[in-house]
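Chemist: Take the sequence shown: its letter number 114 is residue 114 in this note's numbering, and every next letter is one higher. A single structure is presented below for examination.
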Amino acid sequence: MKKFTFSLIIAFIAFNIGVSTAQENGLPKHEISKEEQLNFANSHKVLPFSKATPVQPRNIAEWEPSEGVVIAYVSSYGGFGIPDAAIQDLAKTAKVYVACPSSYQSTVTSKFNTLSITNYSFINATTDSWWTRDFTGWFIADSSGTVSVVDFTYDRDRPNDDAFTPYEATALNNMTCYTMGLSQTGGNWMCDGYGIAASTDLVNDDNSSLSTTQIQTQVSTYLGISNYMIRPDALGDYIKHIDCWGKFLAPDKMLIDSVSTSDSRYSYYEAAASYFKSTNCAYGYHYKVYRPFIGSSTASSNTAVTPYSNVLILNNRVFIPIVGSTTTVTKDSAALKLYRKAMPGYIVKGYKTSTSGTYVPWFNTDALHCRTHEIADRQMLYIQHYPLYGKINSSTGYDINAVVYSYAKNALATNYPMVKYKVHYNGTWDSIPMSFVSYRHYKANIPTQNSGDTIYYYIKAKDVTGKIAYHPFIGQPDPYYFIADGTTVLTPEIIVDPQMSFFTYPNPSKGEFFLFLKSNYSDNASIQIFNIDGKLVYTDNMDFEIGDNNKFLNIGGIATGVYILQVKTKSNILTKQLLIQ
């Protein structure tokens with residue numbers, strides 16, 4: 001790695017008077033220094049949590065509609081931590097919010113004029129670093145569709161970074177800013193938009209005075225997370241950020257880096273991949289896991305570093321850090337190809353940084369995702385849908401249910417939302433308008449098809465202003481699909497775990513039904529039922545033994561509509577839809 005010039009080193013030292021930042025050969029390093037650890041332990045206190053709490057919060061996922069992206073200009077580091085080409089493409093995709101002191105805004109403006117970048121704004125605040133992913137807040141939507149931001153205590157002794165989120169909220173038209181009573185970092189957080197999130201066990205280290213239950217209560221209260229997966233760190237390095245080796249690509253897709261069998265951490269990466277391959281996503285089936293090959297997890301030279309999990313998903317684009325050297329060109333190409341396979345319809349592009357000059361090269365523990373952070377679209381047209389999958393028997397067609405509404409409180413356009421579907425991969429797309437059922441709930445029925453037919457579908461919504469949304473997010477290029485299996489009225493339950501399956505009868509019901517569970521092990525399960533808005537309406541427990549088990553449930557008195565039944569054990573979460581008539 002080449003060093004900065006002498007003058008830049010002097011500036012960098014001056015910048016760090018009173019604020020120690022780890023560095024490597026004069027370049028900033030993501031690692032927390034020993035001095036920072038000591039300062040943090042001795043003087044840095046976790047922010048008190050807000051007395052006011054959001055109503056039914058939903059943590060917004062990275063791939064959902066974004067109106068902006070935050071990057072930081074830090075003169076002591078040489079400016080931006082991402083290449084010009086990436087900034088230009090960011091500005092084509094969303095508004096670029098530049099965090100920097102007012103004294104450097106003219107410098108940034110001059111640079112952006114040279115690059116023909118016009119879609120940007122400033123957040124007038126000093127930052128200690130450019131790792132905006134780590135210290136900026138996380139966005140939520142409450143039950144009314146109002147978007148807010150949730151702050152936390154940044155787990156570094158970098159006071160300017162830690163103080164940034166309120167400045168961000170102010171710049172976004174005085175957006176409400178809540179505060180969790182947790183020490184956290186954005187590089188160690190990912191969520192799916194459906195109440196599931198994941199971190200490494202760094203969150204336990206950062207909050208040693210709290211129990212895991214207390215941590216889970218915080219993320220449930222302020223972020224609406226009902227399933228917080230705290231996992232061992234696969235990379236096994238100093239930073240323990242989950243985005244250094246794994247990433248949600250969609251509610252049902254997970255990316256886990258892979259390394260050579262000779263790598264000392266090979267078993268860690270394989271264990272991480274195995275966990276998600278055997279874990280149910282929010283839709284009720286196991287995650288689809290994708291494995292880019294990074295070679296070695298302990299690369300000693302920058303030319304060997306391939307941090308392919310550290311990508312930014314921003315609207316319809318995927319920004320991937322690549323090295324582009326002669327030793328990584330094959331891996332770079334394979335990673336880009338894998339992302340295009342996993343995320344059809346997205347614009348997938350690689351970005352290379354220089355190993356010299358003012359740009360800091362990508363590291364295994366610090367790349368493009370670390371140096372950017374998306375801002376959720378406060379005007380988004382939101383669709384919540386649990387897709388059909390597997391084999392489905394029905395003589396009355398296939399019901400597609402969804403919650404659809406505008407965060408901007410705009411009415412939906414005539415004949416929207418709609419379901420677009422086709423039979424067979426080479427079939428022709430047809431459209432069915434979805435009918436209003438109840439508050440925000442819409443339904444369409446795909447006609448019954450011949451046994452063995454594969455039905456592909458997606459949902460399209462549009463409001464009166466012309467804003468369009470799809471589910472899945474990218475729409476037609478990556479549709480959901482299921483297989484027609486006969487024409488009997490009974491819809492069989494789909495076994496998503498080889499060790500356990502369950503079904504309810506009758507379904508539909510009037511609120512009284514039996515839950516039948518078959519298992520090859522004994523355990524205790526929690527039973528939870530959520531309405532279509534994600535609100536918990538019923539909870540119970542069930543002890544079960546090896547073999548067949550059943551339990552009678554009575555949830556009479558609740559409103560008619562679609563509900564989600566979740567059966568959760570220590571090792572599994574199974575879900576399916578209930579229809580209450």
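Glycine included, C-beta positions come from ideal geometry on N, C-alpha and C.
Below 8 Å on the Cβ atoms is my contact criterion, and I expect Leu515 with Phe502 to pass it. Report the Cβ-Cβ distance as a whole number of Å.
Modeler: 6 Å
Chemist: Would DSSP call Val337 helix, strand or coil?
Modeler: In the sequence on display, residue 337 carries Lys and not Val. Helix.
Chemist: Roughly how many angstroms lie between the CA atoms of Pro344 and Arg133, to the nearest whole one?
Modeler: Whole-angstrom Cα-Cα distance: 25 Å.
Chemist: Mapping the DSSP letters down to three states, classify Val496 as helix, strand or coil.
Modeler: Residue confidence is low: Val496 scores 40 on pLDDT, short of 50, so the model does not pin down where it sits. Its coordinate-derived value is still stated next. Coil.
Chemist: Taking the continuous alpha helix (DSSP H) assigned at Asp134, which residues delimit it?
Modeler: 132 to 135
Chemist: Should Leu336 and Lys352 be called a contact, given that it needs their Cβ atoms to be closer than 9 Å?
Modeler: no
Chemist: Specify, as a first and last residue, the run of the beta strand (DSSP E) that Pro321 falls within.
Modeler: 317 to 322
Chemist: Measuring straight from C-alpha to C-alpha, what distance separates Val108 and Ala91?
Modeler: 14 Å
Chemist: Measure the alpha-carbon distance for Leu182 versus Arg58 and round it to whole angstroms.
Modeler: Across the structure, Leu182 and Arg58 are spaced so that their CA atoms are roughly 18 Å apart.
Chemist: If you draw a straight line from the alpha carbon of Tyr405 to that of Ile432, how long is it in whole angstroms?
Modeler: Rounded to the nearest whole angstrom, the CA to CA distance from Tyr405 to Ile432 is 18 Å.
Chemist: Is Pro361 helix, strand or coil by DSSP?
Modeler: coil
Chemist: Pull up the DSSP beta-bridge partners for Tyr446, would you.
Modeler: Checking the displayed sequence, the identity of residue 446 turns out to be Ile instead of Tyr. Per DSSP, Tyr398.
Chemist: Report the rounded CA-to-CA distance for Asn393 versus Gly486, giving the unit in angstroms.
Modeler: Rounded to the nearest angstrom, the two C-alpha atoms are 5 Å apart.
Chemist: Using 9 Å as the limit for Cβ to Cβ distance, is Val318 near chain B?
Modeler: Although the question refers to chain B, the structure presented lacks it and comprises just one protein chain.
Chemist: Sort Thr126, Tyr97, Pro83 by Cα distance to Leu115 and report the nearest one.
Modeler: Of the candidates Thr126, Tyr97, Pro83, the one whose C-alpha sits nearest the C-alpha of Leu115 is Pro83.
Chemist: So what's Asn25 in DSSP terms, helix, strand or just coil?
Modeler: No answer about Asn25 holds up, because its pLDDT of 38 lies below 50 and its placement is not dependable.
Chemist: For my contact list, Asp201 and Ala61 are in at a C-beta cut-off of 8 Å; report their separation, rounded to the angstrom.
Modeler: About 22 Å separates the two Cβ atoms, so there is no contact after all.
Chemist: Beta-carbon separation of Ile117 and Ala99 under 9 Å?
Modeler: no
Chemist: Taking buried to mean at least 16 other C-beta atoms within 10 Å of its own C-beta, is Thr5 buried or exposed?
Modeler: A caution first: Thr5 carries a pLDDT of 31, below 50, which makes its placement in the model too unreliable to give a value.
Chemist: Assuming Ser297 contacts Leu235 under a Cβ cut-off of 8 Å, what Cβ separation, rounded to an integer in Å, is found between them?
Modeler: 6 Å
Chemist: Take the Cβ of Glu24 as the centre, count every other Cβ of all protein chains shown within 10 Å, and call the residue buried at 16 or more, exposed below.
Modeler: Model confidence at Glu24 stands at a pLDDT of 41, short of 50, so the residue's coordinates are unreliable and nothing is read from them.
Chemist: Can you grab the Cα-Cα spacing for the pair Thr372 / Thr212, in whole Å?
Modeler: Cα atoms of Thr372 and Thr212: separation of roughly 29 Å, rounded to the nearest angstrom.
Chemist: Give me the residue from Ser208, Ala171, Gln214 with the minimum Cα distance to Gly68.
Modeler: Selected option, being the one with the closest Cα: Ala171.
Chemist: Let me know the alpha helix (DSSP H) ranges lying completely inside the segment 54 to 122, each 4 residues or longer, listed in chain order.
Modeler: Correct list: 84 to 93, 105 to 114.
Chemist: How big is the Cα-Cα spacing for Val496 and His286?
Modeler: Unreliable placement is indicated for Val496, whose pLDDT of 40 sits below 50; no coordinate value is reported for it.
Chemist: Taking the straight line between their C-alpha atoms, what separation do you get for Ala125 and Tyr73?
Modeler: C-alpha separation (whole angstroms): 10 Å.
Chemist: Which residue from Thr569, Asn549, Ile580, Phe552 puts its Cα closest to that of Thr560?
Modeler: Ile580
Chemist: DSSP has His526 in a bridge; who is on the other side?
Modeler: With the sequence shown as reference, residue 526 is identified as Ser, and His is not the correct amino acid for it. Bridge partners of Ser526: Asn541, Lys568.
Chemist: Only counting the same chain, and skipping five residues up and downstream in sequence, which positions put a Cβ closer than 6 Å to that of Met380?
Modeler: Pro65, Tyr407
Chemist: On the criterion of 16 or more Cβ atoms from any shown chain inside 10 Å, does Ile468 qualify as buried, or is it exposed?
Modeler: exposed
Chemist: Alpha helix (DSSP H) containing Pro166: first to last residue?
Modeler: 164 to 171
Chemist: Please confirm whether Phe139 and Met180 have their CB atoms less than 9 Å apart.
Modeler: In this structure, Met180 does not lie closer than 9 Å to Phe139 by Cβ.
Chemist: Can you tell me whether Lys240 is helix, strand or coil according to DSSP?
Modeler: Coil, per DSSP.
Chemist: Is the segment 256 to 271 in contact with the segment 310 to 328, if contact means three or more CB pairs nearer than 8 Å?
Modeler: Inter-segment contact for the segment 256 to 271 and the segment 310 to 328 is absent: fewer than three beta-carbon pairs are separated by less than 8 Å.
Chemist: Roughly how many angstroms separate the alpha carbons of Gly397 and Asp243, rounded to a whole number?
Modeler: 41 Å
Chemist: Please name the residue in Thr414, Asn426, Tyr442 whose C-alpha comes closest to that of Tyr456.
Modeler: Asn426
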